[in-house]
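Protein chains in written order, with UniProt numbering: chain Z, 1 to 246; chain L, 1 to 246. Notes to accompany the following structure.
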């Protein structure tokens with residue numbers, strides 16, 4: 001019994017340490033999203049370059065977290081419930097790393113876009129979309145620490161807004177391209193940025209789904225009303241019903 | 001000593017079982033790539049629908065493999081070297097799952113593209129690209145089972161060909177769009193398919209990198225000549241040198 005308590009407390013200390021790293025990683029990713037979208041709107045090449053450099057620290061943190069989680073599993077041989085928590089941390093670290101990559105990609109495209117004629121309004125709309133995703137990420141990490149399934153489900157619901165922002169931008173870019181072929185190259189970049197921001201939202205959603213699963217045991221399929229997010233992308237299936245997606 | 005041998009052999013049995021699942025998953029993903037590109041070229045909606053359905057089995061296998069790996073780590077408390085192997089399996093399962101998603105996405109876009117005027121030559125070029133990626137995937141999984149770092153490095157090198165195929169298609173689609181705005185929507189879909197196929201190649205490369213790491217201890221940064229693959233994407237940085245990517 002004493003023994004068990006001892007093991008439990010050691011596991012909890014390990015868990016706190018790695019969860020602190022997840023929070024640090026989350027903070028860096030939030031910063032990357034905001035700075036990347038700010039660099040895009042302000043056509044600020046230096047800030048874009050900084051975002052690209054800073055992504056290395058995010059990648060290093062992910063590798064460190066994966067190693068630590070594996071070490072915890074190996075050393076503590078956690079119970080099923082505790083194992084579920086460690087696995088969720090490994091998944092969340094993976095989601096954060098990918099969101100960071102999308103922010104880096106946005107920064108790369110910015111370095112190219114500054115050489116082109118700006119597309120009026122697009123950068124502001126993209127920044128609004130990025131801000132929404134950053135807010136969802138902050139809430140999903142809070143929900144994780146607080147084990148707050150209600151907040152996590154709220155984040156999952158808000159992803160629909162991001163999908164709608166993307167859909168609106170997609171149609172806007174199509175119009176710009178059809179109006180003037182000289183806009184095509186710039187719009188291709190902006191469309192990729194919009195698409196990648198929408199994907200960031202999908203990864204934030206999967207973090208929130210991890211939280212709901214941890215707290216309630218509900219799996220994503222059970223909690224997700226719609227199917228695969230990509231089916232909400234008009235560039236995939238504007239007229240195909242989501243049900244056709246399962 | 002006997003004890004150690006016993007534990008080792010139990011670990012090896014577990015490992016063989018989960019590696020068999022990885023091979024099964026790999027086979028399903030190879031099939032998805034080939035069928036998705038065949039459906040695209042033949043404008044075969046039924047085959048595209050089959051690819052979308054079959055992706056569920058791939059997702060289920062991934063979840064199963066992740067659980068089994070966690071169970072192995074928890075029960076066998078493997079040595080550092082064995083732990084590295086189990087972690088590599090978890091990473092490879094994740095890569096395979098994402099490749100399967102891209103194949104599903106290709107199938108979804110096919111269901112939309114069949115309603116549009118075909119873009120001459122594009123589907124054949126895309127299928128060639130998909131075939132190349134499928135071959136790389138097969139070799140990377142063989143390299144994993146054989147612990148063949150040479151074959152794995154060959155796969156990593158071949159990813160440059162896939163990047164070049166993508167770059168060529170990207171410029172082709174731009175031309176089609178500029179020539180006739182009525183091509184824009186179809187070209188946007190085809191461009192996403194090309195981009196996603198190039199991303200499949202990146203995930204195959206990361207599987208091959210896992211193999212090299214397992215066999216030689218070399219990390220991706222050490223073995224990768226170029227930096228982040230996205231920097232080879234002309235839609236990201238046509239004129240930015242790769243060195244500017246680090």
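By construction, the Cβ of each residue, glycine as well, lies at the ideal position given by its N, Cα and C atoms.
Check                                                                                                                                       : Outcome
Cutoff 8 Å; reference residue 113 of chain Z; Cβ partners in own chain excluding five residues on either side                               : 40, 43, 186, 189 and 190
is_contact[residue 220 of chain L, chain Z] using C-beta, thresh 7 Å                                                                        : no
Beta-carbon proximity list for residue 216 of chain L, same chain, < 7 Å, skipping 5 on both sides                                          : 149
C-alpha distance - residue 141 of chain Z paired with residue 121 of chain L, whole-angstrom precision                                      : 47 Å
Chain Z contact for residue 118 of chain L (CB, 7 Å cutoff)                                                                                 : no
Spatial neighbours of residue 155 of chain Z in its chain, beta-carbon cut-off 6 Å, leaving aside the 5 residues before and after           : 136, 139, 140 and 208
Cβ distance (whole Å) where residue 99 of chain Z is taken to contact residue 203 of chain Z below 8 Å                                      : 5 Å
Residue from Z/84, Z/101, Z/77 and Z/160 whose Cα sits closest to the Cα of residue 59 of chain Z                                           : Z/101
N-terminal and C-terminal residue of the alpha helix (DSSP H) that residue 180 of chain L is part of                                        : Run containing residue 180 of chain L: none; DSSP gives neither H nor E here.
For residue 247 of chain L, the three-state DSSP class (helix, strand or coil)                                                              : Because chain L spans 1 through 246 in this model, residue 247 of chain L falls outside it and cannot be assessed.
Chain-order list of residues whose beta-carbon lies under 7 Å from that of residue 22 of chain L (same chain, five-residue window excluded) : 65, 89, 92 and 93
Neighbourhood of residue 232 of chain Z by C-beta distance below 6 Å, restricted to the same chain and skipping five residues each side     : Low confidence applies to residue 232 of chain Z: its pLDDT is 38, below 50, so where it sits in the model is not reliable, and the reading given next is rough at best. The answer, listed in chain order, is 163.
Interface positions of the region 143-166 of chain L facing chain Z (Cβ-Cβ less than 8 Å), listed along the chain                           : none
Residue 140 of chain L in three-state terms, based on DSSP                                                                                  : helix
Spatially closest choice to residue 250 of chain L from L/81, L/25 and L/83, by CA coordinates                                              : No answer is possible for residue 250 of chain L: the residues shown for chain L start at 1 and end at 246.
Short CB-CB distance (under 7 Å) between residue 83 of chain L and chain Z                                                                  : yes
Contacting residues, own chain, Cβ-Cβ under 7 Å from residue 107 of chain L (five flanking each side not counted)                           : 36, 39, 48, 51 and 52
Proximity below 7 Å, CB of residue 176 of chain Z to CB of residue 119 of chain Z                                                           : yes
Under 7 Å between C-beta atoms of residue 82 of chain Z and residue 11 of chain Z                                                           : yes
Chain-ordered neighbours of residue 178 of chain L on chain Z, where CB pairs are closer than 7 Å                                           : 181 and 184
Contact list for residue 210 of chain Z against chain L, beta-carbon separation under 7 Å                                                   : Within 7 Å Cβ-Cβ: nothing; residue 210 of chain Z doesn't reach chain L, min ~13 Å.
Buried or exposed by the 16-neighbour rule on C-beta atoms within 10 Å, applied to residue 63 of chain Z                                    : exposed
Simplified DSSP assignment, three categories, for residue 208 of chain L                                                                    : helix
Sequence-distant residues of the same chain with beta carbon closer than 6 Å to residue 105 of chain L, five excluded per side              : 196
C-beta neighbour in chain Z for residue 15 of chain L, strict 7 Å                                                                           : no
Three-state secondary structure assigned by DSSP to residue 119 of chain L                                                                  : coil
Local conformation of residue 43 of chain L per DSSP, three classes                                                                         : coil
Minimum C-alpha distance to residue 214 of chain L - residue among L/128, L/165 and L/85                                                    : L/85
Pair within 7 Å by beta-carbon distance, residue 152 of chain Z and residue 212 of chain Z                                                  : yes
For residue 149 of chain Z, the three-state DSSP class (helix, strand or coil)                                                              : helix
Buried versus exposed, by CB contacts within 10 Å (16 or more), residue 70 of chain Z                                                       : buried
Minimum Cβ-Cβ distance from residue 92 of chain L to chain Z less than 7 Å                                                                  : no
Test: residue 89 of chain L CB closer than 7 Å to a CB of chain Z                                                                           : no
Assigned exposure category for residue 103 of chain L - 16 Cβ within 10 Å defines buried                                                    : buried
Spatial neighbours of residue 183 of chain L in its chain, beta-carbon cut-off 7 Å, leaving aside the 5 residues before and after           : 119, 176 and 177
Close-in-space but distant-in-sequence residues of the same chain around residue 241 of chain Z (CB under 8 Å, 5 per side omitted)          : Low confidence applies here, because residue 241 of chain Z scores a pLDDT of 29, under 50, leaving its location unreliable; read the following figure in that light. Correct list: empty, nothing qualifies.
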